[in-house]
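Residue numbers (this note's numbering), protein chains in the order written: chain P, 1 to 272; chain F, 1001 to 1272. Encoded as structure tokens, the structure appears first; notes follow it.
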């Protein structure tokens, strides 16, 4: 096969298999090309990815060696995306009672969600994450997007157990915004002990829900490898109970009575 | 830029922008290359996609013309994937009380979910779909995967309204398996009247939940453009209330007492 066609197929395959060891012989056999040609192709792809700021190919040496695509998006790649998101969220039409913002349209757009996933995956690139965890419902698409770029499974905590999941572990936690005691459950066989878990959610005020997930992870003897929230906002009454997190956006001010809203980039961009 | 590097970037861009008109001048400017070179590149990409069975580039003529990537995966691309899925689901360790199957591990794997999305998007390729709808919680990742390949938004019906969503429309429906009357709500501003909607869910027995979504769509003056379920199973007591659907898998038999399980490909594969 000619190099040009090979590059099309290899690029697709590599992008669709992040954090996956791809051996040279695999491509040699797939395309019936010489090892030296495949090596050169990989060099071209790696160089181009780095120029674009979309990640790089890590070389894995040895007999069972090959390359692994690491999706590590650069700050210059991420900045226009985060700026656009801030602008979209600054629309006063989004204001809902209680200082909430309507975000379902953004969270309902698969491309936006995928781009958000790229950003979080890039920040957690060195954390050796085994799984991404969220709690139903709004965080689910975000968790999948992050997990897709890290090539790890998603585990979803729920507010109520379901018959089709088997036995579960449950905890109680206090939701910061409502001060109500809530329950969170996770299926027993969804997480192995000792897992390194990244927690993802759409929104954080005081952080009660995130804290609930942290406590649930303790029950599974799992470690918190990172916490990412799409948007953080101050809680006027409660102090924040979660500290080491990354946020893509920060809602400084959202008032449906005065129709004022102010959104800026969170701490994530600075860490790319 | 050299053709080889350009092909890497163009392939990525095209794959990440399905059903999106990409004009030739866009690439001409992006890479500082001649229009004729870009044209040739697009020809190479289109040819290779068709050889792989991963779709094609549709040409859009005229002054504002260009190409659109249509992800239409072929039967030969899909068959090994569906066969593997059948094999994985045929594990008797998955049997749960009541003839349910544990599928959370498969539904928790972003790559599997993405591949399932490819299959449904390929079947619905000509349906001019405006949105993908599902009901919380299990269908959400599948709905996003389908929607990503169709480049349309996801709308999620819920069992209970949430404060952060604004005003909602609700319906009552009878769940086939439990015979209980349940409620389903959808945020008013999540769907425009007249939308062509594809319904996606993980599991269907009698079809009560899918029927509920169909009724909810009527309230929004929206049309059902297609129904896709990951797995269908017979309901011993209820007759099916939904007929025109595609299924990726069919559970013929699942009995946790006799430890018997039989899974085969659904009707989707034959329609690729």
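The beta carbon of each residue, even a glycine, is placed where N, CA and C say it ideally should be.
Who are the neighbours of residue i on chain P, taking C-beta pairs under 8 Å?
i, result
"residue 1141 of chain F", "140, 141, 144, 154"
"residue 1151 of chain F", "110, 111"
"residue 1195 of chain F", "Here the premise fails: no neighbours, minimum Cβ distance about 13 Å."
"residue 1236 of chain F", "The contacting residues do not exist; residue 1236 of chain F stays about 17 Å from chain P at best."
Might you give, ordered along the chain, the residues of its own chain that have their beta carbon closer than 7 Å to the beta carbon of residue i, omitting 5 neighbours on each side?
i, result
"residue 1107 of chain F", "1113, 1138, 1141, 1202"
"residue 1174 of chain F", "1181, 1208"
"residue 258 of chain P", "none"
"residue 125 of chain P", "70, 72"
"residue 1166 of chain F", "1187, 1188, 1189"
"residue 1215 of chain F", "1171, 1173"
"residue 280 of chain P", "Nothing about residue 280 of chain P can be read from this structure; chain P reaches only from 1 to 272."
"residue 1082 of chain F", "1248, 1265, 1269"
"residue 1115 of chain F", "1081"
"residue 74 of chain P", "53, 272"
Using a Cβ-Cβ cut-off of 6 Å (strictly less than) and excluding sequence neighbours within five positions of residue i, which residues of its own chain qualify?
i, result
"residue 1001 of chain F", "1031"
"residue 1099 of chain F", "1254"
"residue 1096 of chain F", "1102"
"residue 136 of chain P", "156, 158"
"residue 1154 of chain F", "1132, 1143, 1144, 1147"
"residue 256 of chain P", "95, 97"
"residue 120 of chain P", "146, 228"
"residue 55 of chain P", "49, 70, 71, 72"
"residue 1200 of chain F", "1132, 1134, 1139, 1142, 1143, 1146, 1228"
Run through chain F and tell me which residues come within less than 7 Å of residue i, C-beta to C-beta.
i, result
"residue 147 of chain P", "1110"
If contacts are defined as beta-carbon pairs under 8 Å, then residue i and residue j qualify, I think. What distance do you get, rounded to the angstrom?
i, j, result
"residue 1111 of chain F", "residue 151 of chain P", "7 Å"
"residue 146 of chain P", "residue 198 of chain P", "7 Å"
"residue 80 of chain P", "residue 122 of chain P", "About 15 Å separates the two Cβ atoms, so there is no contact after all."
"residue 249 of chain P", "residue 272 of chain P", "So it is not a contact: roughly 14 Å between Cβ atoms."
"residue 1301 of chain F", "residue 1217 of chain F", "No answer is possible for residue 1301 of chain F: it lies beyond the span of chain F, which begins at 1001 and ends at 1272."
"residue 1090 of chain F", "residue 1261 of chain F", "6 Å"
"residue 1066 of chain F", "residue 1015 of chain F", "The Cβ separation is near 16 Å, so there is no contact."
"residue 9 of chain P", "residue 1006 of chain F", "Not really, about 16 Å apart at Cβ, beyond 8 Å."
"residue 210 of chain P", "residue 233 of chain P", "Not quite, the Cβ-Cβ distance comes to about 13 Å (not below 8 Å), so this is no contact."
"residue 1025 of chain F", "residue 1149 of chain F", "Not quite, the Cβ-Cβ distance comes to about 26 Å (not below 8 Å), so this is no contact."
Using a cut-off of 7 Å between C-beta atoms, extract the partners of residue i located in chain P.
i, result
"residue 1008 of chain F", "7, 11, 44, 45, 48"
Against chain F, does residue i count as a neighbour if the rule is that its beta carbon must be under 8 Å from one of theirs?
i, result
"residue 222 of chain P", "no"
"residue 137 of chain P", "yes"
"residue 158 of chain P", "yes"
"residue 211 of chain P", "no"
"residue 166 of chain P", "yes"
"residue 114 of chain P", "yes"
Interface residues of chain F around residue i at Cβ under 9 Å?
i, result
"residue 52 of chain P", "1008, 1009, 1012"
Listing by chain order, which chain F residues have their CB less than 8 Å from the CB of residue i?
i, result
"residue 250 of chain P", "The contacting residues do not exist; residue 250 of chain P stays about 17 Å from chain F at best."
"residue 190 of chain P", "1104, 1105, 1108"
"residue 3 of chain P", "1004"
Compare the C-beta of residue i with all C-beta atoms of chain P and state if any pair is closer than 8 Å.
i, result
"residue 1208 of chain F", "no"
"residue 1015 of chain F", "yes"
Using a cut-off of 9 Å between C-beta atoms, extract the partners of residue i located in chain P.
i, result
"residue 1187 of chain F", "102, 104"
Using C-beta distances below 8 Å, list every residue in its chain close to residue i, excluding the 5 sequence neighbours before and after it, in chain order.
i, result
"residue 44 of chain P", "7"
"residue 1020 of chain F", "1068, 1069, 1151"
"residue 1194 of chain F", "1221, 1222, 1223"
"residue 1057 of chain F", "1014, 1042, 1045, 1046, 1049, 1067, 1068, 1069, 1070"
Contact criterion: CB-CB distance below 8 Å. Does residue i meet it with respect to chain A?
i, result
"residue 1019 of chain F", "Going by chain labels, chain A is absent from the structure shown, which instead holds the protein chains P and F."
Margin query: For the region 1079-1109 of chain F, list every residue whose C-beta sits within 9 Å of some C-beta in chain P, in sequence order.
Written below: For the region 1079-1109 of chain F, which is checked against every Cβ of chain P, the residues closer than 9 Å are 1096, 1097, 1098, 1100, 1101, 1102, 1103, 1104, 1105, 1107, 1108, 1109.
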